[in-house]
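A short worksheet on the structure shown next.
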Amino acid sequence: MCGIVGYSGSQNAKNIVMDGLRTLEYRGYDSAGVALGGDKIAVYKTAGRVNALEAMLPSGGAYHTAIGHTRWATHGKPNAVNAHPHLSYDKQIAVVHNGVLEKCAELRRELSDRGVICVSETDSEILAHLLALEGGDMLEAVRRVGDRAKGSATFLAIRAGDPAVYVYRKGASMLVASGEGGSFAASDGLALARYVGEATVLEDGEYARITHDVCAIFKNGVQIFKAPTPLRVSPPRECACHMRAEIDEIPAALKRTYLSVRDALDDELTNRVKRAKRVVLAGCGTAFHACRYGKILLEQSAGVCAEAVAASEADGGAPVDGNTLAIFITQSGETADTLLAMKRCAEMGAYTVAVTNVEGSSAAYQADKTLFLDAGAEVAVAATKSYCCQLLALYMLVRRVSGNEMRADELKMLKDSVCECLEKCALFEKRMLTDKLFLVGRGQDLVTAKEGALKLKEITYRQAEAYAAGELKHGPIALIDSESTVIALATREEYLPRMRATVSELRSRGAYTVGLSSAGDLGADRSVFLPKLEDAVLQPILSVLPLQELALCSSLCLGLDPDKPRNLAKSVTVI
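Under our numbering, the first residue of the sequence shown carries the number 2, and numbering increases by one thereafter.
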């Protein structure tokens with residue numbers, strides 16, 4: 002969501018910024034634009050994809066300063082007027098912004114009173130006008146406007162005739178870096194990985210001025226010096242379908258997660274989990290499903306009282322205090338709802354743990370402890386390998402808390418079973434392309450069912466609903482008829498008798514049923530049997546794979562782009 006890239010230096014700024022925007026396409030966006038610096042600022046922007054923007058740009062020209070942006074609409078329709086960059090009223094300043102400003106109506110009235118009328122529907126344009134009205138020293142203007150802004154206001158700005166790019170961070174990620182012949186700024190380290198090996202993560206309230214030879218960082222009017230962090234990311238490779246590639250990478254990703262989390266787990270974290278009166282797990286979307294799995298693990302395998310909450314609703318849950326350990330799961334480490342929930346829990350005294358796939362992310366900096374997944378870059382919007390790695394990280398944590406750490410031979414068995422599952426456990430058939438697709442399960446299988454239904458919604462735009470098997474007869478079974486297709490999951494033998502009864506109830510009402518099981522035959526119209534692991538608690542890593550494959554195959558059969566589904570963003574950086 003809202004990718005930002007900036008460059009100042011001796012190289013071709015236009016090419017570098019466009020390369021960064023192409024890299025950040027995976028974040029999800031609906032319009033794009035660049036501002037090229039010089040005596041006059043040239044702005045090019047359009048609704049649609051980066052390749053449409055590229056076609057608009059001048060083929061020649063020596064540009065050494067530029068900023069670029071991919072926008073996911075929050076204020077105003079996705080069109081060229083609302084796309085970034087935004088020019089100030091005097092056309093001397095251009096701004097790209099990530100976040101949502103608060104009290105926009107008041108700011109617009111203030112600008113109107115001073116004779117400035119906004120031409121777009123966005124909140125971001127306000128920043129450009131405020132900077133121009135400040136006048137004087139540009140760095141000080143950036144500080145004053147950034148400090149004044151309410152809400153999330155991470156932005157880049159350039160000024161006509163000035164070779165520098167100005168950077169301010171509040172509420173959304175921003176990194177700055179120096180490389181050979183220039184300096185860089187970006188909202189995501191992937192955009193920098195081709196050019197530098199390390200970058201400095203700005204924190205809220207910090208700002209910077211970057212030029213071809215200087216990357217100066219400030220806070221409260223004083224220059225500060227921060228050590229850069231190695232960028233342990235690689236630019237995503239070109240491929241026809243990133244989601245396909247990322248599912249195929251799951252075995253290797255699980256090994257990297259195992260090694261990374263094994264090294265990060267220590268006695269302090271283990272003892273804190275044991276001592277905690279309550280463990281809260283919070284995340285959004287797929288990460289929330291990982292939280293639900295973690296709750297089951299903690300309670301059933303470690304005897305720890307746990308609660309899983311959607312991070313966007315975390316402020317409405319039970320009280321949090323110094324006896325609470327809070328685990329926050331976010332693939333990108335930049336999910337705004339999750340970061341806000343983490344901040345609130347920390348303010349109330351909780352010990353915070355981040356489970357993230359991005360080492361230098363805001364979540365990693367904000368948390369007391371981080372479990373780094375090291376799953377590798379995930380480009381497709383729909384999470385696949387990162388979800389499996391989140392489950393493994395939680396499983397490893399609970400095993401250590403239980404005094405029985407996961408062994409290397411268990412990892413090998415898991416990897417081999419994943420490979421077997423990907424090869425043999427196909428679910429797709431044409432009748433799955435229906436708006437009456439249901440998934441049912443119990444316990445940990447209900448979590449998998451919900452994740453499978455989410456994947457189908459995300460990339461096929463078809464209705465798919467997941468229900469607790471035992472709850473069907475309390476209402477949802479009224480939806481079942483001969484047009485319905487139901488996938489029933491069973492990965493624990495104790496679930497088998499009641500799941501068989503559920504399948505029988507569904508078949509008697511005309512539904513076409515498919516059993517996805519490692520526990521035994523469910524008596525469904527069709528059965529897909531999963532490899533069986535030594536520990537059934539780990540089976541959800543396997544059972545989710547055929548559902549990910551089903552969503553992918555369905556999306557492709559419908560002629561859709563599974564990597565870039567409509568309306569969605571990979572990293573949701575607004576509340």
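We treat Cβ as the ideally placed atom computed from N, Cα and C, and that holds for glycine.
Alpha-carbon spacing of residue i relative to residue j, whole angstroms
| i | j | result |
| --- | --- | --- |
| T449 | G77 | 36 Å |
| Y501 | L523 | For the sequence presented, residue 501 should be read as Arg rather than Tyr. Between R501 and L523, the C-alpha separation is close to 5 Å. |
| V101 | R400 | 41 Å |
| G444 | L298 | 10 Å |
| P86 | V146 | 17 Å |
| K425 | A378 | 26 Å |
| V143 | N16 | 26 Å |
| R210 | L140 | 7 Å |
| G280 | V35 | Contrary to the premise, residue 280 reads as Val rather than Gly in this sequence. So the alpha carbons of these two residues sit roughly 45 Å apart. |
| A84 | E495 | 55 Å |
| S60 | R115 | 39 Å |
| H130 | L88 | 8 Å |
| D91 | V168 | 20 Å |
| K227 | G521 | 57 Å |
Cβ separation of residue i and residue j, assumed to be a contact under 8 Å, to the nearest whole Å
| i | j | result |
| --- | --- | --- |
| L22 | Y64 | Actually they do not touch by this definition, with Cβ atoms about 15 Å apart. |
| T339 | A283 | 6 Å |
| A178 | C240 | Between C240 and A178 the Cβ distance is about 26 Å, and since that is not below 8 Å, they are no contact. |
| F329 | A309 | Incorrect: roughly 12 Å between the Cβ atoms, too far for contact. |
| H194 | V6 | Before going on, a small fix: residue 194 reads as Ala here, not His. Not quite, the Cβ-Cβ distance comes to about 12 Å (not below 8 Å), so this is no contact. |
CB contact flag (residue i, residue j, <9 Å)
| i | j | result |
| --- | --- | --- |
| A470 | R499 | yes |
| E335 | A303 | no |
| L490 | L440 | yes |
| V545 | V529 | no |
| A376 | C390 | yes |
| P79 | A48 | yes |
| L341 | L372 | no |
| Y259 | M407 | yes |
| T75 | D124 | yes |
| I248 | K416 | no |
| A368 | G323 | no |
Status (buried if at least 16 other CB within 10 Å, exposed otherwise) for residue i
| i | result |
| --- | --- |
| M433 | buried |
| A384 | buried |
| G137 | exposed |
| H475 | exposed |
| D40 | exposed |
| L132 | buried |
| K451 | buried |
| A173 | buried |
| G29 | buried |
| I225 | exposed |
| N99 | buried |
| Q332 | buried |
Same chain, Cβ closer than 8 Å to residue i, neighbours up to 5 away in sequence not counted
| i | result |
| --- | --- |
| G190 | L176, A200, L232, V234, V359 and G361 |
| Y366 | V202 and E204 |
| P229 | A178, E199, A200 and T201 |
| S121 | G77, V82, N83 and H87 |
Chain-order list of residues whose beta-carbon lies under 7 Å from that of residue i (same chain, five-residue window excluded)
| i | result |
| --- | --- |
| G162 | D40 |
| S483 | G511 |
| T287 | A384, Y388, E452 and L455 |
| C105 | D124 and I127 |
Neighbourhood of residue i by C-beta distance below 6 Å, restricted to the same chain and skipping five residues each side
| i | result |
| --- | --- |
| R508 | T514 |
| G1 | Residue 1 lies beyond the range of the chain shown here (2 to 576); nothing can be said about it. |
| G180 | Y196 and V197 |
| A312 | A283, G284, C285, D338, T339 and A342 |
| D20 | none |
Short CB-CB distance (under 9 Å) between residue i and chain C
| i | result |
| --- | --- |
| N405 | Structure shown: chain C not included; a single protein chain is present. |
Check: residue i C-beta below 8 Å from any heavy atom of the ligand HEM
| i | result |
| --- | --- |
| E406 | Because no ligand of any kind appears in the structure shown, any question about the ligand HEM cannot be addressed here. |
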